[in-house]
Every structure is written in structure tokens, then in C-alpha cells.
Amino acid sequence: MKKVTFYTLGCKVNQYETEAMGEVFEKAGYEMVDHEEHADVYVINTCTVTNLGDRKSRQFIRRAKRKNPKAIIAVVGCYSQTAPKEVASIEGVNIILGTNDRNKIVEYVEKAAESKMINAVDDIMKIHEFEEMTIGEIKGKTRAYLKIQEGCNQYCTYCIIPYARGPIRSRKIEDIVSEVKRLAKNHFKEIVLTGIHVASYGKDLKNTSLLDVIDAVHEVEGIERIRISSIEPTIMTEDFVKTLSNLKKVCPHFHLSLQSGCDETLKRMNRKYTTIEYKTIVERLRKYMPDASITTDIMVGFPGETEEEFEKTFEFVQEIGLSQIHVFKYSQRRGTPAAKYENQVPSKIKNRRSERLLTLANESLIKYHEKFIHTQRPVLFETESNEMQGYYEGLTDNYIRTFVQSKEDVEGKILLVVLEKILEEAVVGKILDK
1 MKKVTFYTLG CKVNQYETEA MGEVFEKAGY EMVDHEEHAD VYVINTCTVT NLGDRKSRQF
61 IRRAKRKNPK AIIAVVGCYS QTAPKEVASI EGVNIILGTN DRNKIVEYVE KAAESKMINA
121 VDDIMKIHEF EEMTIGEIKG KTRAYLKIQE GCNQYCTYCI IPYARGPIRS RKIEDIVSEV
181 KRLAKNHFKE IVLTGIHVAS YGKDLKNTSL LDVIDAVHEV EGIERIRISS IEPTIMTEDF
241 VKTLSNLKKV CPHFHLSLQS GCDETLKRMN RKYTTIEYKT IVERLRKYMP DASITTDIMV
301 GFPGETEEEF EKTFEFVQEI GLSQIHVFKY SQRRGTPAAK YENQVPSKIK NRRSERLLTL
361 ANESLIKYHE KFIHTQRPVL FETESNEMQG YYEGLTDNYI RTFVQSKEDV EGKILLVVLE
421 KILEEAVVGK ILDK
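Heads up: the sequence shown begins at 1 in the UniProt record's numbering, then just goes up one per residue.
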């Protein structure tokens with residue numbers, strides 16, 4: 001039996017697509033092995049969100065070639081989509097596949113054994129149909145990522161992804177529900193709806209919206225939790241939030257990407273909201289879901305960001321009190337408008353601003369956790385802890401990482417837990433029932 005292994009870089013969508021391609025290989029009779037093992041086929045699922053992502057992708061390609069010089073090397077994903085000629089120049093690459101036609105990967109692998117390099121990268125801007133890539137056979141997990149949407153039409157000035165993923169394409173609801181039912185049959189308890197720009201779901205379909213998807217998944221027996229991955233704040237209208245609050249399976253946890261707390265910076269980024277609008281959305285969520293965890297991304301050092309603009313961001317984030325903040329430093333991404341902007345911020349300044357926000361992020365997380373100490377929350381246990389012997393770990397509905405001591409195997413169970421004390425970026429609790 002031939003062996004295949006994957007190196008996966010980047011986002012949750014990439015991880016989903018790797019799982020889906022893995023099933024295509026398994027159905028064709030291949031054995032999936034860990035990437036440390038010797039394999040006949042190496043698939044590198046690349047990331048191009050930063051120049052560092054490109055560099056790491058190249059490193060993994062060369063590493064695979066060193067592992068087995070006779071292996072077939074397939075490079076797929078965002079980096080190969082945006083720079084196919086660059087990928088083709090790397091020694092040992094047999095197949096170049098972008099962000100479409102991944103279902104044909106085994107077909108290309110079989111052809112590559114008897115031909116020269118195959119470049120199967122499409123013009124992604126001409127693709128208007130969602131590529132159906134299903135997952136349903138994987139076992140041994142409790143939470144499943146479910147891709148419902150592809151592409152982005154936002155064109156933020158720092159971002160290459162619209163060029164890598166193409167225009168928005170929504171998955172048909174019947175295909176989504178079919179996959180959810182398969183996942184439920186395989187004992188998954190939680191579904192995380194994911195995509196490149198989830199908030200745009202349905203804009204290319206007739207009379208279909210993201211709420212329709214959530215409602216359809218909510219009806220599937222066996223699924224007890226629905227979580228929405230990173231989502232554009234502007235979709236959070238009064239009606240949208242009110243409807244979500246009445247759906248019991250929807251987790252009170254929302255990742256609303258902010259990027260900056262300064263309106264001038266947001267305008268240069270081509271973000272589609274103001275700080276006042278963002279704050280109103282946060283208040284709306286807290287009105288209907290008081291316990292909601294609201295997390296975000298903040299970019300520091302965007303071109304032209306002055307000290308005054310950064311202070312506005314710092315004060316805004318401090319004021320609204322988010323539960324978790326992912327801080328990252330702007331890096332010039334070739335091919336994007338912002339890479340050519342004047343007034344690029346020096347690394348030393350970006351580092352200093354990042355450190356200040358990271359300190360605030362840690363304080364915000366502790367403050368959020370403190371709010372729930374001595375309260376009861378349902379926890380979906382994912383695995384036995386590697387860090388604490390005799391403990392299991394999981395997530396509350398509102399996204400608090402929780403550890404509990406248990407002699408019984410509680411993996412895959414949702415149990416009521418009293419949260420007792422803070423442990424760094426998590427909490428320790430005690431199971432109330434089994």
C-alpha cells in the first residue's frame with residue numbers, strides 16, 4: 001500500500017482541506033502516515049498570508065524532497081495559487097495545484113508518476129462554484145471544522161487572500177447538512193462553521209443566508225454545539241444577534257476581527273466599519289448574550305500608524321474589554337497595496353507596540369476568566385491532558401480552556417463543571433455530574 005503524508009500550513013480552512021484531501025487518498029487505497037515517516041507522496045498545503053508563509057512553504061517542500069528523493073511532491077494551496085512559477089522553480093516538485101480542483105489530487109499523483117511536472121493551477125478569479133470537499137470518516141475527535149464558504153471580495157489593503165482564494169462561493173445547504181449528519185454519526189458533538197469570509201455566505205445564492213445554515217445545522221440530531229469561526233463584525237445586526245441568542249446550540253463565543261481601534265487606520269486598511277459601529281456590535285452581543293466571549297485580532301504597525309493612532313487603538317481595546325486578543329505585527333506582503341504605502345513603521349516601534357498590547361491581552365483574559373470563577377459552565381472534553389497527569393481538558397461553551405481531574409475517561413462528553421481557579425491561560429474546575 002502506498003503511503004501519503006501532509007504538511008499543512010496556515011488557517012483552519014487549510015486544515016479542513018487537508019482532512020478532505022486525506023479522505024480522497026484513503027478512498028483510493030493510500031495509507032495516511034505522519035509526516036515524520038517515510039512516504040511515497042508528500043502533499044504540502046501551503047499558506048501565503050505573509051511572506052514568511054511563503055518561505056515556510058518552500059522549506060517544507062525541500063524538507064519533503066530530502067526525506068525521500070524518489071517521492072512525488074504535490075504543492076497545493078494559496079502559495080502555489082499566487083506564485084506557481086516560483087513553486088515550479090523549486091527542485092523536486094511534481095504537481096502544482098492551487099485552491100481549486102483538490103478533489104483531483106490522486107488523479108494528478110497517478111499521472112505524475114509517468115510524466116513531467118503537472119501545473120494544474122486555474123485562474124481562480126474565473127471560478128464561481130464552491131468546490132465540494134467533504135469530511136465524514138475521521139474519528140477520535142470531538143469538534144469538527146465545517147467549511148461552508150470560499151473566497152473573499154473585501155480586498156483589505158494588507159491582504160493577499162482575495163487573490164489566492166478568488167471571489168465568494170457559498171456551499172449548498174443540503175451539502176452542508178449532509179456532511180453534518182455524517183459527522184454526528186461519527187460522534188462529533190461540536191461543529192465550527194468556517195470559511196475564508198464566513199459573513200458573506202449566501203450573497204451569491206438566492207434567498208439564502210448564514211442564519212439559514214446555522215438553523216439547518218441546529219436541527220441535526222447529535223450535534224450539541226455550533227460555533228462560528230472568525231466573522232466580519234458588520235453581519236451582527238440586531239435581528240441576527242437576537243436570532244442567534246434564541247438558538248440553544250449556538251455557543252456564546254464570537255471572534256470579531258477588529259485590526260485597529262483607530263478610524264483613520266481602519267480607512268487605510270479598507271475595513272468596512274468604524275470604531276463606533278464595532279463598539280455598538282459588541283454592546284449588542286452582550287445585551288443578548290451577557291456571558292459571550294468576544295475575541296479579536298489587532299494589527300500593530302500598519303503603514304502610517306502614528307503614536308496617536310496606536311494610542312487610540314490601545315484605549316479603544318481597553319475600553320470595550322475583549323476576552324482574548326490576538327496581537328500581530330504588520331508585515332509587508334508583496335502584491336498588496338499596503339506593501340507600497342509610504343511611512344512603513346520600523347520594527348523596533350512595532351515590537352514595542354506589540355508588547356504593550358500583549359500585556360493588555362493577558363490582563364483582559366484574566367479579567368474575563370475571573371468573571372466566571374465559582375460559576376458553572378458546560379465543558380466539552382477533548383482529550384486527556386499532556387500537561388497535567390490525571391486531568392482532562394476541554395472548552396466551555398464560551399471558550400474558556402478548562403482542566404478537571406477525573407479517574408474516568410470523559411473525552412467526548414459534555415459535563416457541567418464549576419470553575420474554581422485560574423491557571424495561566426486556562427482555569428481548573430470540578431465536574432458536578434457525569
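Positions of the beta carbon are idealized from the N, C-alpha and C atoms, including for glycine. What you are looking at is a predicted structure, and each value in this text was computed from that prediction instead of being measured.
- Excluding the 5 residues flanking it on each side, Phe328 has same chain C-beta neighbours closer than 8 angstroms at Asp297, Ile298, Met299, Val300, Ser354, in chain order.
- In this structure, Thr50 keeps its C-beta atom at 8 angstroms or more from the C-beta atom of Tyr79.
- Non-local C-beta neighbours of Thr280 in its own chain, meaning closer than 6 angstroms and more than five positions away in sequence, are absent.
- Counted as a single uninterrupted DSSP element, the beta strand (DSSP E) harbouring Lys430 occupies residues 426-431.
- Counted as a single uninterrupted DSSP element, the beta strand (DSSP E) harbouring Ala74 occupies residues 72-77.
- Here Tyr158 carries a coil assignment [DSSP, helix/strand/coil].
- One thing to note: Ile148 has its Cβ no nearer than 8 angstroms to the Cβ of Ile127.
- In the three-state scheme derived from DSSP, where H, G and I count as helix and E and B as strand, Asn103 is classed as helix.
- Put simply, the backbone Cα of Met289 is about 10 angstroms away from that of Val282.
- If you look at Asp297, you'll find it in the beta strand (DSSP E) that goes 293-300.
- Residue range 84-88 is occupied by the alpha helix (DSSP H) that includes Pro84.
- The C-beta distance from Ile366 to Ile422 rounds to 6 angstroms, short enough to meet the 8 angstroms contact threshold.
- Within the same chain, Ile61, Ile73, Val75, Val87, Met117 come within 7 angstroms of Val93 by CB-CB distance, once the 5 residues on both sides are set aside.
- Judged by DSSP secondary structure, Phe314 falls within the alpha helix (DSSP H) whose first and last residues are 307-320.
- Non-local C-beta neighbours of Arg333 in its own chain, meaning closer than 7 angstroms and more than five positions away in sequence, comprise Thr50, Asn51, Tyr158, Ile160, Ala339, ordered along the chain.
- Annotated three-state conformation of Gly10 is coil, per DSSP.
- When DSSP reads this structure, Ala144 sits in a beta bridge with Ile191.
- Between Glu264 and the set Glu305, Gln81, Ser293, Asn246, the nearest pair of CA atoms involves Glu305.
- A direct Cα-Cα distance of roughly 7 angstroms separates Lys67 from His38.
- Bridge pairing for Tyr392: Glu384, Val404 [DSSP].
- For a cut-off of 8 angstroms, the C-beta gap from Arg271 to Met236 is around 15 angstroms, too long to register as a contact.
- Here Leu416 is near Gln376, since their CB atoms are less than 8 angstroms apart.
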